[in-house]
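Here the structure is laid out as structure tokens; the discussion comes afterwards.
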RNA sequence: GGCCCGUUCGUCUAGUGGUUAGGACCUCAGGUUUUCAUCCUGGUAACAGGAGUUCGAUUCUCCUACGGGCUACCA
């Protein structure tokens with residue numbers, strides 16, 4: 001298998017929207033696969049029927065597509081190892097579980113959930129360190145190890161519900177090699193007899209992932225650190241089946257920006273940044289969680305930021321396209337420690353991407369936003385807006401909101417500037433300046449500037465005495481981009497009109 | 001509680017048995033700019049603690065502390 005084509009999988013369960021930690025796991029899988037010319041597959045792990053959330057699978061697929069993490073195989077993507085939804089493979093798991101029973105490596109268990117809690121309570125009372133269904137306690141429970149084979153057959157024939165449990169061996173050292181962490185040693189005495197096959201006829205994650213990874217010829221399992229504790233079980237399962245295990249890499253977790261703990265759904269809206277790639281509306285509560293796409297993030301910036309949360313190229317380069325990430329990515333350079341999500345850095349990445357776009361590209365991006373706000377402007381005008389605003393925006397919508405005065409006349413005038421700069425004689429000066437502007441035939445920024453400077457010269461005035469007031473009249477603001485360029489963009493008629501209106505309002 | 005994983009500036013991180021411990025974000029100070037933003041220059045800021053190995057440990061080992069994960073017929 002070491003020489004086989006690299007095949008990795010991203011295996012989410014459709015229990016809700018994919019959050020950015022999941023996206024990062026998918027991304028690392030994808031980068032690794034592409035780096036080695038391999039396949040990236042999407043497999044839906046929906047063996048828990050009770051946790052199914054409508055729309056979640058569609059969400060995952062749409063999110064991956066938006067990110068540019070396109071599966072080579074998966075539901076809706078084709079592939080020779082399908083189906084790629086575990087519920088559609090339901091029929092294929094039982095035989096494997098029974099094979100294990102035949103080999104003496106698993107057994108039937110008939111205990112009810114009440115009996116299980118009773119057992120755990122009893123052990124807890126007896127101060128057992130870790131109450132679990134294991135090599136000791138299974139002797140006292142109702143299973144095919146303690147019952148006669150006739151009893152077992154009768155129970156099954158009568159339709160008594162049962163599960164199939166893995167018969168954890170006693171006192172064995174299990175060695176799991178992890179590409180990121182090295183060797184992890186665990187004694188089987190600390191492990192329990194995990195359920196492999198549930199009474200509802202579905203396998204648990206543990207069985208399903210081993211069987212499917214084997215059948216789908218997965219070579220590397222790259223998943224979150226939360227799976228590390230069950231990795232020894234998985235290694236044991238591969239041994240029990242006599243299959244070669246894939247290589248493992250357990251990724252560090254994404255942590256909350258403040259305080260501690262795993263990043264969760266709640267953190268995002270609380271701290272004002274999305275935790276999801278796409279907006280998600282909870283089908284039962286109707287609650288909406290914001291998404292990076294809807295917030296105006298560039299997918300490239302989003303991916304770039306995510307890639308750097310737990311990985312780095314070892315150089316000082318920080319801006320990477322997807323292709324560059326593929327080239328540079330190695331699992332060995334993935335860190336061991338969890339990374340706190342940093343909204344500020346995310347913003348910085350987005351700003352870098354925004355500034356690398358052409359005005360025409362940005363114009364296209366702000367068009368729907370401005371139209372939604374009720375402005376119908378030409379592409380040329382929008383590109384002009386972008387020229388002026390891109391240096392002071394981190395996000396696409398800010399180009400419009402930050403330069404709203406480019407779209408409509410000012411309603412109010414910045415009070416601070418008014419009280420500081422607007423004097424008794426200002427209206428007359430502004431009227432005089434208007435007169436000069438009226439004479440300009442070619443109303444472009446350099447011409448406006450020439451006329452403006454000539455005006456200052458003639459009136460013996462400084463920039464500071466006149467320009468802020470002019471800006472106030474034209475934009476209503478005390479600060480902003482080059483005023484001459486703003487006026488040129490607005491045009492002569494509009495600029496003069498704003499001056500006139502403003503003078504009247506402020507006088 | 002038990003098992004497992006982890007710990008370098010506030011954050012993301014680089015790094016080596018001997019370095020002025022480097023970069024980026026944030027922040028602060030200056031410069032540029034009519035203003036704001038951008039941009040430029042500079043500054044503050046870290047090896048969790050304790051033992052041990054060693055001529056010498058941030059780096060290797062152990063212990064402690066702290067953080068995290070897992071501990072379901074969930075994934």
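Numbering (the working numbering), first residue to last: 1 to 507. Just so you know, even glycine gets a beta-carbon here, dropped at the ideal spot from N, CA and C.
Worksheet entry | Burial state of residue 437, where buried means 16 or more other Cβ atoms lie within 10 Å | buried
Worksheet item: Where do the ends of the alpha helix (DSSP H) carrying residue 123 lie?
Response: 113–125
Worksheet item: Would you call the region 184–197 and the region 211–218 in contact, with 3 or more CB pairs under 8 Å?
Response: No: fewer than three Cβ pairs fall under 8 Å.
Fill in: Endpoints, the alpha helix (DSSP H) within which residue 504 is located
Its alpha helix (DSSP H) spans residues 492–506.
Worksheet entry | Span of the alpha helix (DSSP H), counted from its first residue to its last, around residue 300 | 299–307
Practice prompt. Buried or exposed for residue 479, please, with buried defined as at least 16 other CB atoms from any protein chain shown within 10 angstroms of its CB.
Written response: exposed
Worksheet item: Where does residue 218 sit, in a helix, a strand or coil, going by DSSP?
Response: coil
Practice prompt. Taking 9 Å as the cut-off, decide whether the C-beta atoms of residue 475 and residue 375 are in contact.
Written response: no
Discussion item. Among the candidates 72, 60, 14, 45, whose CA atom is the shortest distance from the CA of residue 31?
Written reply: Comparing Cα positions, the closest option is 72.
Worksheet item: Would you report the Cα separation of residue 306 and residue 348, rounded to the nearest angstrom?
Response: 13 Å
Worksheet entry | N- and C-terminal bounds of the beta strand (DSSP E) containing residue 312 | For residue 312, there is no enclosing beta strand (DSSP E), as DSSP marks it with neither H nor E.
Discussion item. Do residue 11 and residue 61 count as a contact pair if the criterion is CB distance below 9 Å?
Written reply: no
Fill in: the region 384–398 contacting the region 341–357, beta-carbon criterion three pairs below 8 Å
Contact between the region 384–398 and the region 341–357 is present, with at least three C-beta pairs closer than 8 Å.
Discussion item. Can you tell me where the beta strand (DSSP E) holding residue 178 begins and where it ends?
Written reply: Residue 178: member of the beta strand (DSSP E) spanning 173–178, first to last residue.
Fill in: Backbone CA spacing between residue 106 and residue 142 [nearest angstrom]
14 Å
Worksheet item: If you follow the alpha helix (DSSP H) that residue 28 is part of, which residue opens it and which one closes it?
Response: 20–35
Discussion item. For residue 222 and residue 336, which I take to be in contact (beta-carbon distance under 8 Å), what is that distance rounded to the nearest angstrom?
Written reply: Rounded, the Cβ-Cβ distance is 14 Å, inconsistent with contact.
Fill in: Bounding residues of the beta strand (DSSP E) (the contiguous stretch that carries residue 182)
182–187
Worksheet item: Using 8 Å as the threshold, is the region 195–214 in touch with the region 88–101, meaning 3 or more CB pairs across them?
Response: yes
Discussion item. Just to confirm, is the Cβ distance from residue 269 to residue 289 under 9 Å?
Written reply: It is a contact, given that the beta carbons lie within the stated cut-off.
Item to complete: Go through its chain and collect everything with a Cβ distance to residue 448's Cβ below 8 Å, but skip five positions before and after it.
Response: Answer for residue 448: 437, 440, 484, 487, 488, listed in chain order.
Worksheet item: DSSP state of residue 106, grouped into three classes?
Response: Looking at residue 106 - three-state DSSP - the assignment turns out to be strand.
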